Amino acid sequence: MAPLAGVIAVSCVLFSLGLLAVVTRRDAIFILIGIEMMLAAGNLNLVAFWRYGPHPEQITGAMMAIFAMAIAAGETAIGLALVISVYRHRRTTQVEELNTLKG
Amino acid sequence: MSLLSILPFVVIAVITLAGALAAATLPNLMHAALSLVLSFLGVAAFFILLGAEFVGLVQVIVYVGAVAVLIVFTILLTRPAVGPGKGRNWSGVLVAMAVLAGLLWALARTTLPAGQPIAIAPLTVLRIGQTLMTEYIWPLQAVGVVLTAALVGAVVLAMEEKR
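Residue numbers (the working numbering), protein chains in the order written: chain A, 1 to 103; chain B, 1001 to 1163.
This is how it looks when you write it as structure tokens:
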């Protein structure tokens, strides 16, 4: 069994790597990949704190993680559909070229 | 804690973070998507290690099975330019490093419950199903509505427009 602080540290690093992908990449698909990584880090936190918390017999953390996964799956489907839709109209998925609304 | 008991944790952590780092930095989209699969498998192994076996299996089915395939399909459908980008966005790297430092600083200053967790009965699928159908029935219905809306929305957004 892993120590709690170790799991939380891994989750912190995973979140930061997801953030790195979101803020440095220029392709919309990469940004979605980064968001997925940040969501996975959040789920890892939920499960770790549930297991090491004072009441692990109530399965709140695992339930929350399952619901978060369902929402994340819906979010990914919508995000990728948006990417396909943008590509169809603009022939690009680079977010820096999508500046029509820029003043 | 002996070295042997902590070995699985270290192996899984290295796999997860190596996959995540590759997904965040590799220039080729397809390579990054496949590294993301490795990272998701590591997270699923973490869930199983923490005693939430069902959550780990859901992670494999939903992320490795569905989301990764969806991402690969989108990469193939859009064929993004593989050409050299404008180089790294170094201010973004700084932001990510600052957030990581802040998180680890907060973690180092927090006293977490040390030692082994309280022993519990295994988290069976039967128990999760019963809890979902009694205590969590309204969240379950709400998630059903959200997923239906997401499904319809995704189809409408990605559908070819007939003029």
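For every residue, glycine included, the Cβ atom is placed at its ideal position computed from N, Cα and C. From a predicted model like this one, the values you see are computed outputs, not experimental measurements.
- A straight-line Cα-Cα distance of about 14 Å links V1095 (chain B) and C12 (chain A).
- Q1116 (chain B) carries a coil assignment under DSSP once its states are collapsed to helix, strand and coil.
- By the criterion of a C-beta distance shorter than 7 Å, I1012 (chain B) is surrounded in its chain by G1042, A1045, F1046, L1049, once the five residues flanking it on both sides are discounted.
- Interface with chain B (8 Å Cβ-Cβ cutoff): E97 (chain A) is excluded.
- By a beta-carbon distance limit of 8 Å, I33 (chain A) contacts A1032 (chain B). Their separation comes to about 6 Å.
- Taking all protein chains shown into account, F1009 (chain B) has 16 or more neighbouring C-beta atoms within 10 Å of its C-beta and is therefore buried.
- Residue contact check for R1127 (chain B) against chain A: a CB pair falls below 8 Å.
- A residue is called buried once 16 or more other Cβ atoms fall within 10 Å of its Cβ, and N43 (chain A) is buried on that count.
- For N1089 (chain B), the chain A residues whose C-beta falls within less than 9 Å of its own C-beta are V23, T24, R25, R26, listed in chain order.
- Residues of the segment 65–91 of chain A with a C-beta less than 7 Å from any C-beta of chain B: A65, I66, F67, M69, A70, I71, A73, G74, T76, A77, I78, L80, A81, L82, V83, I84, S85, Y87, listed in chain order.
- Under the three-state reduction of DSSP, Q1059 (chain B) is assigned to helix.
- The beta carbons of I29 (chain A) and I1071 (chain B) sit closer together than 8 Å.
- The beta-carbon distance between N45 (chain A) and I8 (chain A), rounded to whole angstroms, is 7 Å. This is short enough to meet the 8 Å contact definition.
- Per DSSP, Y1136 (chain B) is not a residue of any alpha helix (DSSP H), being assigned neither H nor E.
- Nearest C-alpha to M69 (chain A) among A:P56, A:R90, A:M37, A:N99: A:M37.
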